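Numbering (the working numbering), first residue to last: 4 to 232.
What follows is the structure, given as structure tokens:
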């Protein structure tokens, strides 16, 4: 698992990805800011004090999947709205201002309208009323995604209201890419200790680079026992 912010990154090794791992690593349980993530259910725990923000980049990909597979118009419209909202956030950030309240209100109204009008595409038909038929049809991916947009609207659009929340967690994906490349090229780690050492070294290197420090000089200082962030 990886947790990162603008100047720091922490890699940790755990057999699981859920609440057990989050609690064991110990960073997020006491965190009071906002965590941008891909809708992993373990983050939505009432004992955690941080706010959730859903990654817009992941949502764009999921909308594209519905567009490609189901040909749903609502997914195409929602994808376009998310991109427009991202542009509005970027413009406001470059200008050093918050997104205008009227802009947010307009985007939210269209967001709701897209989901309302899209029900005819994603909402499953009523189950059969025939006696003896109690089987419940599984929800489609389109229905699950649409319901997520409905239930987690505040978390999805949090980036519009909070200047510190980005549209997506693309930086986190870039930070974890080196680990994925290592797995792809070299395979899995042979020992738990080896994996933990890799995580510590990789975290140090990434943090040094994030903070604009010279990597070679930083390693020399570590060997002398003189390094500090």
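We put the CB at the ideal spot given by N, CA and C, even for glycine.
Since we're looking at a predicted model, the values are computed, not measured.
So, residue i versus residue j, is the Cβ gap smaller than 8 Å?
{"i": "residue 95", "j": "residue 104", "result": "no"}
{"i": "residue 121", "j": "residue 149", "result": "yes"}
{"i": "residue 126", "j": "residue 157", "result": "no"}
{"i": "residue 85", "j": "residue 113", "result": "no"}
{"i": "residue 225", "j": "residue 218", "result": "no"}
{"i": "residue 215", "j": "residue 12", "result": "no"}
{"i": "residue 117", "j": "residue 80", "result": "yes"}
{"i": "residue 24", "j": "residue 14", "result": "no"}
Given the structure, does residue i come close to the ligand COA, in the sense that its CB is under 7 Å from one of the ligand's heavy atoms?
{"i": "residue 21", "result": "As for the ligand COA, it is missing from this structure, which has no ligand bound."}
Whose C-alpha, out of the options, is nearest the C-alpha of residue i?
{"i": "residue 172", "options": "124, 61, 48", "result": "61"}
{"i": "residue 51", "options": "41, 57, 37", "result": "37"}
{"i": "residue 111", "options": "141, 69, 70, 161", "result": "161"}
{"i": "residue 75", "options": "144, 99, 27, 86", "result": "144"}
{"i": "residue 82", "options": "70, 92, 93, 217", "result": "70"}
{"i": "residue 26", "options": "221, 45, 39, 216", "result": "45"}
{"i": "residue 87", "options": "107, 68, 99", "result": "107"}
{"i": "residue 203", "options": "21, 28, 49", "result": "28"}
{"i": "residue 22", "options": "221, 208, 49", "result": "49"}
What's the call for residue i, buried or exposed, on a 16-neighbour Cβ count within 10 Å?
{"i": "residue 47", "result": "exposed"}
{"i": "residue 97", "result": "exposed"}
{"i": "residue 152", "result": "buried"}
{"i": "residue 200", "result": "exposed"}
{"i": "residue 92", "result": "buried"}
{"i": "residue 77", "result": "buried"}
{"i": "residue 231", "result": "exposed"}
{"i": "residue 119", "result": "exposed"}
So, for residue i: in the same chain, excluding its five sequence neighbours on each side, which residues have a beta-carbon less than 7 Å away from its beta-carbon?
{"i": "residue 198", "result": "16, 192"}
{"i": "residue 155", "result": "57"}
{"i": "residue 221", "result": "211, 230"}
I think residue i touches residue j, with their Cβ atoms under 8 Å apart; what is that distance to the nearest whole Å?
{"i": "residue 10", "j": "residue 213", "result": "5 Å"}
{"i": "residue 170", "j": "residue 66", "result": "In fact, because the Cβ distance is near 14 Å, the residues do not count as touching under 8 Å."}
{"i": "residue 73", "j": "residue 58", "result": "Not confirmed; about 22 Å, so no contact."}
Closer than 8 Å by C-beta to residue i: which residues in its own chain qualify, once you throw out the five before and the five after it? Chain order, please.
{"i": "residue 233", "result": "The structure shown has nothing for residue 233, since the chain only spans 4 to 232."}
{"i": "residue 35", "result": "52, 53"}
{"i": "residue 68", "result": "144"}
{"i": "residue 208", "result": "218"}
Spatial neighbours of residue i within its chain, please: CB distance less than 6 Å, with the 5 preceding and 5 following residues excluded, ordered by chain position.
{"i": "residue 56", "result": "37, 39, 158, 161, 168"}
{"i": "residue 165", "result": "none"}
{"i": "residue 31", "result": "25"}
{"i": "residue 128", "result": "none"}
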